[in-house]
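Participant: My questions will all concern the structure given below.
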Amino acid sequence: MTLSTYSDEQDLQRWDLSCLYMAPDDPAIETDLEFAWREARGMRADFAAGLLNASCTEWRVLFDRHDALHGVLNRLFSYAYLLFSADTQSDASKNLYARLQGEIPAIQNEVGFIERAVQDLDASAYEVLATAEELVPYRDHLSRIRSATGHSLGELAERIITLKDRTGSRAWIQYYFETTADFRVRLGLDGYPEEMTLSEAHRLRESNERAIREVAHRETLKIYAQHARGLTFVFNALFDNYRSMMELRGYGHPFAPLLAEERLDASVIDTLLETVEAHYPMVQRYFTAKAAVMGITAFASHDLRAAYQGNASYISYAEGRDIVIDSLKAFSPRLGEEAQRFFDEHYIDAFSQPGKRAGAYCLSSGPVFHPYIFLNYNHTLKDVITMAHELGHGTHNVLVGEAQNVTNADRVTMFMETPSTFSETLTFKRLLTREVDPVIRQQLLGSQIEAAMLKVFKSVALTRFQLNVYQRRASSVLPAQLLCQMWQEQMDAMYGDVVQMNEWDRWEWLTFHHTLDKPFYDYAYSFGQLLVYALMRRYQEEGKAFEPRYLELLRAGTSITIGPLLEKVGVDLRDPEFWQKGLAYLDDMVSEFESLAQM
């Protein structure tokens, strides 16, 4: 790997948001908001009354205007979200984020008549639109809107819901992020700071010193438990809100809104969950082998994240960057070049600091602006893999933005985690193939398996937990102790008697913010990981010929639904053996790890 061209890692610590707005009080924000309100109301005045009888040309003009409005709203909200994520303690960031959370949905309500008109068209009129040459760029968008027919509640009801959400669901989500961003973990260990952020404590849960990771693991979960009363209220409120909306909109399954636009039945995900759960013994096999390799006789929850000795070294930000870029470049020079731009042009906020929320993400708006990446880099191998994951999202978003309009630049939910996981896998394989020492190879392989276990198995356990909570929440508010019990049941099923749990592990469900801001999204991680294994098989078979076909997948956005999209690379979701093949790929890695452990 090459030496860093940067003399100071802190140069890359903060992103440059000036291509969006200069500051929270930038006058351009008010200008764009005024334009958005004026344009939304203008579209309503120009089209709402006669839209059912409009020509295809008029529909195209309307969709083009809506596409441009969507881009302005994305820019506004993205800037506020990026600011708030990086500094949840700033009053200016909090106020802008809260304001736009209310104002942008209200603007979107002004153009809600478009979707309702598409759904109200009779079959023959809709068919004319769906086959019109003028509307080819919006053809799949029309189909997705049409798929939601019968689930809209009417203009007045939708306006009321939007207004209520400002002080309801969106407010509770913001409360959760603000509250947890202020958490400070106190370890009481000599040689360590008196208190640290969640991200800093999270790093210590991977320590090679068992006593340190036990304290870090316990104290991190303990602080969530200490705030359980307020956070449990948030979870109950948001689960009840989601359930109520599913019932009001006539959806029979909590997955239905995510799958309807892809024309897939919920049974696809039900089959995924059941198949993965049937392979929980694979999880137990791996951690049994890990315990043996690490010489731990009573393997416990605080040992799950323990780094292998060879993976515990400090990895500078520059070195991590070079590892990921080299891995992507070896597969596709284009992806490597785009990944490099994130660093060169300051599209990354990298390091933990007080007030910065935990976790990592990539935020994009297709052709409107270049994607931004949010990290909490703490110089471990897992941080490098997280970087690879988010750069997988980022390069995907760049290619989508080049090929699609704003409307089609959204990513298909079921495919969203595939490019990120593919990037991770390329990075792992590059590290693995260049390593000849069997001990270090085993350690690298173990790290890859653990990342896959988290996505394939724990994401399924979390999805099952959400389903159970969703069902139980119908009859009553769920007390914290019951939610702890429901989470513990999932962990017992996955780990069996291989992993000893402590009294704080049952509170882990409070740490999963995806269950709040993206309900039932977690299955996409499992889907994405198993799909990546299928794509890696194709890559192994086709070599460089696979690259252009893969890049075609990345460019598609929502211009095509998931089934036909994956058929382009020979993947059939209807194949009952699809999930089994992905799990078999992971099983082979576990078997290799077990073999190396016996050498």
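According to this note's numbering, the sequence shown holds residues 415 to 1013 in order. Where a beta carbon is used, it is the ideal one built from N, C-alpha and C, also for glycine.
Hey, Leu795 and Ser861 are a contact pair by Cβ (cut 8 Å); roughly how many whole angstroms apart?
Facilitator: Locating residue 795 in the sequence shown gives position 381, counting from the first residue. Locating residue 861 in the sequence shown gives position 447, counting from the first residue. Contact flag correct, Cβ pair sits at about 6 Å.
Participant: With a threshold of 6 Å on Cβ separation, who are the neighbours of Ser421 within its own chain once the five nearest residues in sequence on each side are excluded?
Facilitator: For the purposes of this step, residue 421 is taken as residue 7 along the sequence shown, with counting starting at 1. With a pLDDT of 37 at Ser421, under the threshold of 50, the modelled position of this residue cannot be trusted, and the question is left open.
Participant: What are the partner residues of Ala714, as DSSP defines its beta bridges?
Facilitator: In the sequence shown, residue 714 corresponds to position 300, counting from 1. BP columns for Ala714 point to Gln914.
Participant: Identify every run of the alpha helix (DSSP H) within the segment 503-536, keeping only runs that are complete inside it and at least 4 residues long; order them along the chain.
Facilitator: Segments of the alpha helix (DSSP H) lying fully in the segment 503-536: 505-524, 527-534.
Participant: Could you check the C-alpha separation between Ala888 and Glu751 for me, to the nearest Å?
Facilitator: On the sequence shown, position 474 is the one that residue 888 refers to. On the sequence shown, position 337 is the one that residue 751 refers to. Whole-angstrom Cα-Cα distance: 50 Å.
Participant: Does DSSP put Met457 in a helix, in a strand, or in coil?
Facilitator: Counting from one through the sequence shown, the residue named residue 457 turns up at place 43. Helix at Met457.
Participant: Quick one: which unbroken beta strand (DSSP E) runs of 3-plus residues sit fully inside the segment 752-799? Chain order, please.
Facilitator: You should have 775-777, 786-788.
Participant: Would you report the Cα separation of Gly942 and Pro962, rounded to the nearest angstrom?
Facilitator: Here residue 942 corresponds to residue number 528 of the sequence shown, with the count starting at 1. Here residue 962 corresponds to residue number 548 of the sequence shown, with the count starting at 1. Cα to Cα, Gly942 sits roughly 20 Å from Pro962.
Participant: Judging by CA-CA distance, which residue of Leu496, Thr827, Ile739 is the nearest neighbour of Leu840?
Facilitator: Working through the sequence shown from its first residue, we reach residue 840 at position 426. For the residues Leu496, Thr827, Ile739, the minimum Cα distance to Leu840 belongs to Ile739.
Participant: From the DSSP output, read off the bridge partner residues of Met392.
Facilitator: The chain is shown from 415 up to 1013; residue 392 falls before or after that span and cannot be answered.
Participant: For Val785, count neighbouring C-beta atoms within 10 Å of its own C-beta (all shown protein chains included) and say buried if the count is 16 or more, exposed if not.
Facilitator: For the purposes of this step, residue 785 is taken as the residue at position 371 of the sequence shown. Per the sequence shown, residue 785 should be read as Pro rather than Val. By the 10 Å Cβ count, Pro785 comes out buried.
Participant: By alpha-carbon positions, which one of Asn819, Ala595, Glu633 ends up nearest to Ala615?
Facilitator: Translated into positions along the sequence shown, residue 615 becomes position 201. The shortest C-alpha separation from Ala615 is found at Glu633.
Participant: What does the alpha-carbon distance come out to for the pair Gly815 and Phe756?
Facilitator: Taking the first residue of the sequence shown as position 1, residue 815 is located at position 401. Taking the first residue of the sequence shown as position 1, residue 756 is located at position 342. Cα to Cα, the separation comes out at about 15 Å.
Participant: Express the C-alpha separation of Ile443 and Leu510 in angstroms, rounding to a whole number.
Facilitator: As a position in the sequence shown, residue 510 is number 96, starting the count at 1. As a position in the sequence shown, residue 443 is number 29, starting the count at 1. Whole-angstrom Cα-Cα distance: 10 Å.
Participant: Can you give the Cα-Cα distance for Leu618 and Pro893, rounded to whole angstroms?
Facilitator: Counting from 1 along the sequence shown, the entry for residue 618 is found at position 204. Counting from 1 along the sequence shown, the entry for residue 893 is found at position 479. One C-alpha to the other measures close to 31 Å.
Participant: If you measure between the beta carbons of Ala802 and Ser746, is that distance less than 7 Å?
Facilitator: As a first step, residue 802 must be located in the sequence shown, where it is residue number 388. As a first step, residue 746 must be located in the sequence shown, where it is residue number 332. No.
Participant: Classify Ile683 as helix, strand or coil using the three-state DSSP reduction.
Facilitator: By one-based count along the sequence shown, residue 683 stands at place 269. Note: Ile683 maps to helix in three-state DSSP.
Participant: Going by Cα to Cα distance, which pick from Leu1010, Arg844, Ser507 is closest to Asp736?
Facilitator: Reading the sequence shown from its first residue, position 322 is the one you call residue 736. Comparing Cα positions, the closest option is Arg844.
Participant: Can Leu1004 and Arg699 be called in contact, C-beta distance under 7 Å?
Facilitator: As a position in the sequence shown, residue 1004 is number 590, starting the count at 1. As a position in the sequence shown, residue 699 is number 285, starting the count at 1. Residue 1004 is actually Val in this sequence, not Leu. Going by C-beta atoms, Val1004 is nearer than 7 Å to Arg699.
Participant: Have a look at Ser613 and Asp684 and give me their C-alpha separation to the nearest angstrom.
Facilitator: Working through the sequence shown from its first residue, we reach residue 613 at position 199. Working through the sequence shown from its first residue, we reach residue 684 at position 270. Each residue's Cα considered, the two are about 33 Å apart.
Participant: If you count every other CB in all the chains shown that lies within 10 Å of the CB of Gln515, and 16 or more means buried, which is it?
Facilitator: Here residue 515 corresponds to residue number 101 of the sequence shown, with the count starting at 1. Gln515 should be labelled buried.
Participant: Please classify Pro695 as buried or exposed, where buried requires at least 16 neighbouring CB atoms within 10 angstroms.
Facilitator: If you number the sequence shown from 1, residue 695 lands on position 281. Looking at its Cβ environment, which holds fewer than 16 other Cβ atoms inside 10 Å, Pro695 is exposed.
Participant: For Ala468 and Val542, what's the separation of their Cα atoms in angstroms?
Facilitator: Counting from one through the sequence shown, the residue named residue 468 turns up at place 54. Counting from one through the sequence shown, the residue named residue 542 turns up at place 128. About 11 Å.
Participant: So, is Ser1009 buried or exposed, given that buried needs 16 or more other C-beta atoms within 10 angstroms?
Facilitator: Position 595 of the sequence shown, counting from 1, holds the residue named residue 1009. The residue is exposed, with fewer than 16 neighbouring Cβ atoms inside 10 Å.
Participant: Short check: CB of His484 to CB of Val820, under 7 Å?
Facilitator: As a first step, residue 484 must be located in the sequence shown, where it is residue number 70. As a first step, residue 820 must be located in the sequence shown, where it is residue number 406. Closer than 7 Å, so yes.
Participant: Below 7 Å between beta carbons: does that hold for Leu924 and Leu652?
Facilitator: Position 510 of the sequence shown, counted from the start, is the residue given in the question as residue 924. Position 238 of the sequence shown, counted from the start, is the residue given in the question as residue 652. Against a cut-off of 7 Å, the Cβ pair of Leu652 and Leu924 comes out as no contact.
Participant: Answer yes or no: do Ser779 and Gly806 have a C-beta to C-beta separation smaller than 7 Å?
Facilitator: The count along the sequence shown starts at 1 and reaches residue 779 at position 365. The count along the sequence shown starts at 1 and reaches residue 806 at position 392. No, the Cβ-Cβ distance between Ser779 and Gly806 is not below 7 Å.
Participant: When the Cβ atoms of the segment 648-663 are set against those of the segment 900-907, are three or more pairs found closer than 8 Å?
Facilitator: These segments do not touch.
Participant: For Ala744, which residues in the same chain have their Cβ closer than 8 Å to its Cβ, ignoring the five residues on either side in sequence?
Facilitator: Counted from its first residue, the sequence shown places residue 744 at position 330. Taken in chain order, the residues that qualify are Gly750, Leu840, Arg844.
Participant: Find the nearest neighbour of Gly996 within the set Val682, Thr972, Leu686, Ser766, judged by alpha-carbon distance.
Facilitator: Counted from its first residue, the sequence shown places residue 996 at position 582. The candidate whose alpha carbon is nearest that of Gly996 is Leu686.
Participant: Buried or exposed: which applies to Glu955, given that a residue is buried once 16 or more other Cβ atoms fall within 10 Å of its Cβ?
Facilitator: Numbered from its first residue, the sequence shown carries residue 955 at position 541. Answer is exposed; the Cβ neighbour count stays below 16.
Participant: Answer yes or no: do Tyr1091 and Tyr939 have a C-beta to C-beta separation smaller than 7 Å?
Facilitator: The question about residue 1091 has no answer here: the residues shown for the chain are numbered 415 through 1013.
Participant: Mark Asp797 as exposed unless 16 or more other C-beta atoms lie within 10 angstroms of its C-beta, in which case mark it buried.
Facilitator: By 1-based counting over the sequence shown, the position of residue 797 is 383. Asp797 should be labelled buried.
Participant: Quick check: the Cα distance between Val599 and His631, rounded to an integer number of angstroms?
Facilitator: Counting from one through the sequence shown, the residue named residue 599 turns up at place 185. Counting from one through the sequence shown, the residue named residue 631 turns up at place 217. Taking the straight line from one Cα to the other gives about 10 Å.
Participant: Measure the C-alpha to C-alpha separation of Ser418 and Ala705 and round it to an integer number of angstroms.
Facilitator: Working through the sequence shown from its first residue, we reach residue 418 at position 4. Working through the sequence shown from its first residue, we reach residue 705 at position 291. Unreliable positioning characterises Ser418 in this predicted model, as indicated by a pLDDT of 35, which lies under 50. The coordinate reading is nonetheless provided below. Whole-angstrom Cα-Cα distance: 36 Å.
Participant: Could you have a look at Trp429 and say whether DSSP puts it in helix, strand or coil?
Facilitator: Position 15 of the sequence shown, counted from the start, is the residue given in the question as residue 429. DSSP places Trp429 in coil when its eight states are reduced to three.
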